[in-house]
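Participant: Here the sequence shown stands for residues 33 to 195, where the numbers follow the working numbering. Think of the CB as a built atom: it goes at the ideal place given N, C-alpha and C, for glycine as much as any other residue.
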Amino acid sequence: MPVFRNGSFTVDLALREFQVVFQDWQVHVTSTPAEAGGPAILTCVAPAALKEHASVAAWYRDESVLPAADHMSGSTFIVDDGWKLIVRSVRIEDSKAMYSCSVLDSLTGDRRRSTPVNIDVAPMSVASAPRSISHGQWDAVVRRGGDVTLPCLVHANPPPTIT
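1. Just to check my reading of the structure: SER63 and LEU74 have Cβ atoms closer than 8 Å, yes? What is that Cβ distance to the nearest angstrom?
2. Taking only three categories from DSSP, how would you classify ASP113?
3. Quick one: what does DSSP say SER82 is sitting in, helix, strand or coil?
4. Out of GLY70, ALA89 and LEU45, point me to the one whose CA is closest to SER132's CA.
5. Which same chain residues, not among the five before or five after TRP115, have their C-beta less than 7 Å away from its C-beta?
6. Rounded to whole angstroms, how far is the Cβ of THR147 from the Cβ of HIS60, which I believe are closer than 8 Å?
7. Just to confirm my understanding: we take ASP152, look at its own chain, exclude 5 residues before and 5 after, and list those with CB closer than 6 Å. What are they?
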């Protein structure tokens with residue numbers, strides 16, 4: 033049986049006003065050239081203003097979705113909050129595959145998929161000089177006291193030992 037009580041209460045509403053400008057946007061993928069056996073980095077690129085409220089929904093190889101949870105153990109892993117896909121140990125055959133990403137705008141629910149691109153894979157040379165393929169920072173969220181694994185992408189002939 034419900035209980036009714038007399039009294040008064042106050043409701044304080046905080047209203048926020050947002051101005052939203054709808055404009056068409058596109059997403060595309062850039063790819064670093066790679067040498068067979070070495071890594072390649074693909075970057076999902078969206079307008080800067082969109083990135084504040086958007087996220088990469090998926091990466092694709094041909095028409096197959098690449099698993100996001102396979103950060104360090106598989107042939108690919110995703111970093112930088114999903115905006116970068118690293119393909120390790122690329123093969124000449126990988127240059128025939130088409131890679132794309134899809135981005136989800138959390139304000140509008142709009143999802144866009146990039147035009148597919150392929151990786152430019154050159155044959156491995158015997159005397160290849162070391163080179164850097166990525167500059168800048170990658171973001172990672174780690175709980176205090178937790179473990180973190182940082183990717184170390186090295187390609188050399190003979191293969192190096194990393195400790």
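Facilitator: Looking at the atomic coordinates:
1. Locating residue 63 in the sequence shown gives position 31, where the first residue counts as 1. Locating residue 74 in the sequence shown gives position 42, where the first residue counts as 1. Confirmed, about 5 Å.
2. One-based indexing of the sequence shown puts residue 113 at position 81. DSSP places ASP113 in helix when its eight states are reduced to three.
3. Stepping through the sequence shown from its first residue, residue 82 is reached at position 50. Looking at the sequence itself, residue 82 is Leu, so the reference to Ser does not match. Helix.
4. For the purposes of this step, residue 132 is identified with residue 100 of the sequence shown, where counting begins at 1. Ranking the options by Cα distance to SER132, first place goes to ALA89.
5. Looking up residue 115 in the sequence shown gives position 83. Counting only Cβ-Cβ distances below 7 Å, and skipping sequence neighbours, we find THR75, CYS76 and VAL88.
6. In the sequence shown, the residue the question calls residue 147 occupies position 115. In the sequence shown, the residue the question calls residue 60 occupies position 28. The Cβ separation is near 6 Å, so the contact holds.
7. Counting from one through the sequence shown, the residue named residue 152 turns up at place 120. These residues qualify, in order along the chain: PRO65.
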